[in-house]
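K.L.:
In my numbering, the protein residues as written are 255 to 345.
Cβ coordinates follow ideal geometry from the N, Cα and C atoms, glycine included.
1) Per DSSP, what kind of secondary structure is residue 285 in: helix, strand or coil?
2) Where do the ends of the alpha helix (DSSP H) carrying residue 309 lie?
3) Do residue 308 and residue 279 have their C-beta atoms within less than 8 angstroms of each other?
4) Measure how close the beta-carbons of residue 271 and residue 311 come, nearest whole angstrom, since I'm counting them as under 8 angstroms.
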């Protein structure tokens, strides 16, 4: 059997994007708890905006692009196999 080697090259900028995404998640969570006295709208607003920014930064990184590709391929495989369900044989 032939083995295929996959080599993942991660640049410094890519690592920085992932680190920035993690920092944005931490900042969003910290902002959520620090704004407890300002009201729920401010809390949830900061959390949602922070998490959306983190997702945007992550999905522009190479890891995020690979994750999107994985999701698309999984969706295609599921769509193909979901049409062929196992059925009971008729008598």
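P.N.:
Let me spell this out:
1) Translated into positions along the chain shown, residue 285 becomes position 31. Of the three classes helix, strand and coil, the one that applies to residue 285 here is helix, per DSSP.
2) In the chain shown, the residue the question calls residue 309 occupies position 55. DSSP places residue 309 in the uninterrupted alpha helix (DSSP H) bounded by 294-314.
3) The residue given as residue 308 occupies position 54 in the chain shown. The residue given as residue 279 occupies position 25 in the chain shown. Note that the C-beta distance between residue 308 and residue 279 is below 8 angstroms.
4) Mapped onto the chain shown, residue 271 falls at position 17. Mapped onto the chain shown, residue 311 falls at position 57. With a Cβ gap of about 6 angstroms, residue 271 and residue 311 count as contacting.
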